[in-house]
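In the working numbering, the protein residues as written are 2 to 173.
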């Protein structure tokens with residue numbers, strides 16, 4: 002059994018206790034994501050945010066018809082707009098957005114959905130995309146030898162993390 006002690010602020014945590022317990026590891030979100038990717042045979046990709054920002058900027062330009070909610074700002078400060086909208090996109094994906102929009106959704110969401118459609122083939126994966134891949138893999142593969150002890154309330158984690166924790170043996 003592998004016991005994961007998991008909390009928001011535990012990435013890079015080093016205990017002062019000298020007697021370690023075999024089969025126990027303390028991890029934050031990035032460390033736990035890396036471990037899950039390895040255990041599930043997923044190719045963990047080192048994220049390059051500047052590259053992702055440039056890739057997203059290209060998607061913004063390709064979908065911009067001059068009438069997008071971001072069109073005017075894009076002409077003023079393209080990198081800041083790309084960085085901001087990529088941040089929105091990543092936050093929304095981690096919160097459970099599937100990248101699609103309905104006709105009754107706001108223009109902003111419909112515009113972002115158009116960019117997302119294009120970005121699916123051109124944007125390098127970020128943390129939310131990696132979480133989606135882990136969630137999808139856990140739907141097919143069981144990891145019964147992992148037990149997760151939460152150091153923070155389950156509700157304080159993002160939608161995707163809560164969904165992943167729901168697929169594992171988790172102790173509050």
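Glycine included, C-beta positions come from ideal geometry on N, C-alpha and C.
Under the assumption that residue i contacts residue j (Cβ atoms under 8 Å), give the Cβ distance between them as a whole number of angstroms.
i	j	result
residue 117	residue 4	Not a contact, Cβ separation roughly 37 Å.
residue 29	residue 11	4 Å
residue 69	residue 112	5 Å
Candidates the options: which alpha carbon is nearest residue i's?
i	options	result
residue 96	83, 9, 130 and 152	130
residue 33	151, 156 and 157	151
residue 140	168, 39 and 99	168
residue 121	53, 41 and 66	53
residue 44	35, 90 and 104	35
residue 46	158, 136 and 132	132
residue 123	157, 55 and 106	55
residue 31	138, 102 and 7	7
residue 64	108, 79, 115 and 107	115
residue 160	108, 91, 109 and 102	91
Could you give the residue range of the beta strand (DSSP E) that holds residue i?
i	result
residue 196	Summary: the structure shown does not reach residue 196, with the chain confined to residues 2 through 173, and so no result is reported for it.
residue 149	147 to 151
residue 58	That residue, residue 58, is in no beta strand (DSSP E); its alpha helix (DSSP H) goes 50 to 64.
residue 47	Here residue 47 belongs to no beta strand (DSSP E), and DSSP marks it neither H nor E.
residue 28	25 to 28
residue 170	170 to 172
Leaving out five residues on either side along the sequence, give the residues of the same chain with a beta carbon under 8 Å from the beta carbon of residue i.
i	result
residue 145	170
residue 135	34, 37, 38, 41, 43 and 165
residue 100	94, 114, 117, 118 and 121
residue 60	116, 119, 120, 123 and 124
residue 109	70
Output needed for residue i: all residues of its chain with C-beta closer than 6 Å, excluding positions within five of it in sequence on either side, in chain order.
i	result
residue 9	153
residue 74	82
residue 48	127
Can you give me the Cβ contacts of residue i inside the same chain, cut-off strictly under 7 Å, excluding the 5 residues immediately before and after it?
i	result
residue 142	41
residue 72	65
Within 10 Å of its beta-carbon, does residue i have 16 or more other beta-carbons around it, so buried, or fewer, so exposed?
i	result
residue 62	exposed
residue 67	exposed
residue 76	exposed
residue 127	buried
residue 104	exposed
residue 98	buried
Cβ of residue i versus every heavy atom of the ligand GTP: is any distance shorter than 8 Å?
i	result
residue 132	What this structure holds is no ligand at all, so the ligand GTP is not there to describe.
Could you please give the first and the last residue of the uninterrupted alpha helix (DSSP H) stretch that includes residue i?
i	result
residue 163	160 to 167
residue 112	108 to 123
residue 139	128 to 139
residue 91	79 to 95
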